[in-house]
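Trainee: Let me begin by handing over the structure; questions about it come next.
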Amino acid sequence: MSGHLQPAADQLRRRCRWPADQRRRGAEDLPGGRQVSVATRPVWFGAWLAAAALGLAGCGGGGVSVTDTASGGAGSGSTAGGDGQWRWELPADFPVPAVPADNPMSTAKVELGRYLFYDVRLSGNGTQACASCHQQDKAFTDGLATAIGSTGAAHPRAAQPLVNVAYHPTLTWANPSLVTLEKQMEVPLFGESPVEMGVNDGNKDAVLGRLAGDPLYPPLFAAAFAQDTAPIRWDNVIKAIATFQRSIVSAGSRYDAFEAGKGTLSAQELRGMQLFFGEKAECFHCHSGPNFNDQFVHSTTRVLETPFHNTGLYNLGGTGAYPEPNRGVFELTGKPQDMGMFRAQSLRNVELTAPYMHDGSIPTLEAVLDFYAAGGRDITSGPYAGDGRANPLKDNLVSRIDLNEQEKADIVAFLKTLTDHDLITNPKYANPFAQ
Numbered sequence: 002m003s004g005h006l007q008p009a010a011d012q013l014r015r016r017c018r019w020p021a022d023q024r025r026r027g028a029e030d031l032p033g034g035r036q037v038s039v040a041t042r043p044v045w046f047g048a049w050l051a052a053a054a055l056g057l058a059g060c061g062g063g064g065v066s067v068t069d070t071a072s073g074g075a076g077s078g079s080t081a082g083g084d085g086q087w088r089w090e091l092p093a094d095f096p097v098p099a100v101p102a103d104n105p106m107s108t109a110k111v112e113l114g115r116y117l118f119y120d121v122r123l124s125g126n127g128t129q130a131c132a133s134c135h136q137q138d139k140a141f142t143d144g145l146a147t148a149i150g151s152t153g154a155a156h157p158r159a160a161q162p163l164v165n166v167a168y169h170p171t172l173t174w175a176n177p178s179l180v181t182l183e184k185q186m187e188v189p190l191f192g193e194s195p196v197e198m199g200v201n202d203g204n205k206d207a208v209l210g211r212l213a214g215d216p217l218y219p220p221l222f223a224a225a226f227a228q229d230t231a232p233i234r235w236d237n238v239i240k241a242i243a244t245f246q247r248s249i250v251s252a253g254s255r256y257d258a259f260e261a262g263k264g265t266l267s268a269q270e271l272r273g274m275q276l277f278f279g280e281k282a283e284c285f286h287c288h289s290g291p292n293f294n295d296q297f298v299h300s301t302t303r304v305l306e307t308p309f310h311n312t313g314l315y316n317l318g319g320t321g322a323y324p325e326p327n328r329g330v331f332e333l334t335g336k337p338q339d340m341g342m343f344r345a346q347s348l349r350n351v352e353l354t355a356p357y358m359h360d361g362s363i364p365t366l367e368a369v370l371d372f373y374a375a376g377g378r379d380i381t382s383g384p385y386a387g388d389g390r391a392n393p394l395k396d397n398l399v400s401r402i403d404l405n406e407q408e409k410a411d412i413v414a415f416l417k418t419l420t421d422h423d424l425i426t427n428p429k430y431a432n433p434f435a436q
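If you count by the numbering used here, then the sequence shown holds residues 2 to 436, one letter each, in order.
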């Protein structure tokens, strides 16, 4: 490593531990009055250290080994212990995620969930699985601008990656009220506008019948839900898939190795990191902490942060509007200030998840850098014409940044160090029907 870059790299190691410290929206702005408070960085880190000191996570060998209980969590390098308990091997900088008390982690449940996740018979017409839109080699997204449901209906938004989803306090692009994987799972299964998996009152029983009629599933359900006399039920299907999703954790990138002192980054990647976490590019305001985003929850969270942002992607007719039905949190609240407000995405494995933004309208990482450097997007013609740079509702953190082409390339090079190649080949997350 170049000598002049080493001090900066050491400073950035310290800085990147903290989540974003930008403005937060108050609880009165969110459906259901969910508590959202301003959290300083020391509060977050202090809570994490307190958890370790209380023995909620034991440190050793550069990581955290956790035995799951009803309030346990998820992590990288998960294993089934000899005593049958589900254990997680967490990196030292990953706190234990929160898991619902009524759906604790278990080896059997994760395995059942993996089969269900990859089974096309779970859709109403038997043609599409969860994995159709969440593919392992693409960090569990699908590479399309917007997802396609089992009936061929187009979804208005891009499929989101499922990596480290256990740490998300809200799910989907712009719904502050969807706060658990179990509740969110009902949307793709049973939703009608748009249709995704296409399960409805007319075929619910038939879909369960397909599972019950396959000799594979009765023993898997019995092992996962041993207390149930008739375990092949929709609530258990949902719990199993949610449990598998929580097990998908990415913490094995080149950046993670560098952070642990077990790897190196090139001079270009270090320059990109310095820009990313520095006050010039200011990417870290919305993309920091272990998940490289600004919504993060774990088992000992004391202050919950769930910000959403208008980035100036659109400004229809100069009014601040976004195209229907993709108007962000506004679709739920009807509040003018929520127009165009979407959740900042985790940047882990971002190299694999093109195209970008909620509607897949930016094709490459390079184009994303151009967009943010410009402070928004100016669409000069067509039905979406308008200068997003002048959107009156745009987050004031999104403003013109004076980045030259080399600096943009450096940031892209750094972002590619967040790719976890073990994640996309790990057999624990792979299609069991193909193994």
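Cβ atoms here follow ideal geometry from the backbone N, Cα and C, with glycine treated the same way. Small disclaimer: the values here were computed from a predicted structure and weren't measured.
Measure the Cβ-Cβ separation of Ala160 and Thr142 and say whether it is below 9 angstroms.
Mentor: yes
Trainee: Kindly indicate which three-state DSSP category Met106 falls into: helix, strand or coil?
Mentor: coil
Trainee: Rounded to whole angstroms, what's the CA-CA distance from Glu332 to Pro220? Just pull it up for me.
Mentor: Annotation: Glu332 to Pro220 spans about 43 angstroms, alpha carbon to alpha carbon.
Trainee: Starting from Leu317, follow its DSSP beta bridges and name the residues at the other end.
Mentor: Ala322
Trainee: Could you check which residue in Ala224, Thr320 and Val164 has the C-alpha nearest to that of Asn350?
Mentor: Val164
Trainee: Is Gly253 closer than 9 angstroms to Ser422 when the C-beta atoms are compared?
Mentor: For the sequence presented, residue 422 should be read as His rather than Ser. Yes.
Trainee: With which residues is His310 paired in a DSSP beta bridge?
Mentor: Per DSSP, the beta bridge partners of His310 are Phe343.
Trainee: DSSP on Thr142, reduced to helix/strand/coil?
Mentor: strand
Trainee: For Thr312 versus Phe372, is the C-beta distance shorter than 9 angstroms?
Mentor: yes
Trainee: Would you mind working out which of Lys395, Leu424 and Gly377 sits nearest Ile402, comparing C-alpha positions?
Mentor: Gly377
Trainee: Take Thr152 as the anchor and find which of Asp138, Met186, Asn176 and Gly192 has the nearest alpha-carbon.
Mentor: Gly192
Trainee: Per DSSP, what kind of secondary structure is Gln136 in: helix, strand or coil?
Mentor: strand
Trainee: Span of the alpha helix (DSSP H) holding Phe372?
Mentor: Leu366 to Ala375
Trainee: Does the pairing of the region 96-112 with the region 221-236 give three or more beta-carbon distances under 8 angstroms?
Mentor: Yes, the region 96-112 is in contact with the region 221-236.
Trainee: On the premise that Gly264 lies in contact with Arg255, defined as a C-beta separation below 8 angstroms, what is that separation, rounded to the nearest angstrom?
Mentor: 6 angstroms
Trainee: In the DSSP assignment, what residue or residues form a beta bridge with Tyr357?
Mentor: Ile363
Trainee: Nearest-angstrom Cα distance between Pro189 and Gly199?
Mentor: 8 angstroms
Trainee: Touching or not, the region 227-247 and the region 115-132, by the rule of three or more beta carbon pairs under 8 angstroms?
Mentor: yes
Trainee: Assess, as a yes-or-no matter, whether the region 340-347 is touched by the region 405-416 under the definition of 3 or more beta carbon pairs within less than 8 angstroms.
Mentor: no
Trainee: Looking at the secondary structure, which residues open and close the alpha helix (DSSP H) in which Leu394 lies?
Mentor: Element bounds for Leu394: n/a, residue is neither H nor E.
Trainee: According to DSSP, which residues form a beta bridge with Glu193?
Mentor: Val196
Trainee: Is the region 378-391 in contact with the region 289-305, if contact means three or more CB pairs nearer than 8 angstroms?
Mentor: no
Trainee: Take the Cβ of Ser251 as the centre, count every other Cβ of all protein chains shown within 10 Å, and call the residue buried at 16 or more, exposed below.
Mentor: Flag for Ser251 reads buried.
Trainee: Count the other CB atoms within 10 Å of the CB of Ser194; is the residue buried (16 or more) or exposed (fewer)?
Mentor: exposed
Trainee: Am I right that Thr147 and Gly361 are in contact with their C-beta atoms under 8 angstroms? What's the rounded C-beta distance?
Mentor: 6 angstroms
Trainee: Thinking C-alpha only, which one of Gln228, Arg115 and Ile249 is nearest Pro98?
Mentor: The shortest C-alpha separation from Pro98 is found at Ile249.
Trainee: Let me check one thing: in DSSP terms, what residues is Gly329 bridge-paired to?
Mentor: Met342
Trainee: Quick one: Cα of Pro232 to Cα of Val238, how far?
Mentor: 9 angstroms
Trainee: Compute the beta-carbon to beta-carbon distance between Thr307 and Pro177, rounded to the nearest angstrom, for a pair I have assumed lies under 8 angstroms.
Mentor: 6 angstroms
Trainee: In its own chain, which residues sit with a C-beta less than 6 angstroms from the C-beta of Leu317, not counting the 5 before and 5 after it?
Mentor: Gly387
Trainee: Work out the CA separation of Glu325 and Trp235 for me, nearest whole Å.
Mentor: 32 angstroms
Trainee: Below 8 angstroms on the Cβ atoms is my contact criterion, and I expect Asn432 with Tyr218 to pass it. Report the Cβ-Cβ distance as a whole number of Å.
Mentor: 16 angstroms between Cβ atoms; not a contact.
Trainee: Looking at Gln246: is its Cβ nearer than 9 angstroms to the Cβ of Ala167?
Mentor: Yes, the Cβ-Cβ distance between Gln246 and Ala167 is below 9 angstroms.
Trainee: Give me, in chain order, the residues of the same chain whose beta-carbon lies closer than 8 angstroms to that of Gly73; leave out the 5 immediate sequence neighbours on both sides.
Mentor: Unreliable positioning characterises Gly73 in this predicted model, as indicated by a pLDDT of 33, which lies under 50. The coordinate reading is nonetheless provided below. Excluding sequence neighbours, Gly73 sits near Val67, Trp87, Trp89, Val97, Val100, Pro105, Met106 and Ser300.
Trainee: Going by other Cβ atoms of all chains shown within 10 Å of its Cβ, with 16 needed for buried, is Ala268 buried or exposed?
Mentor: exposed
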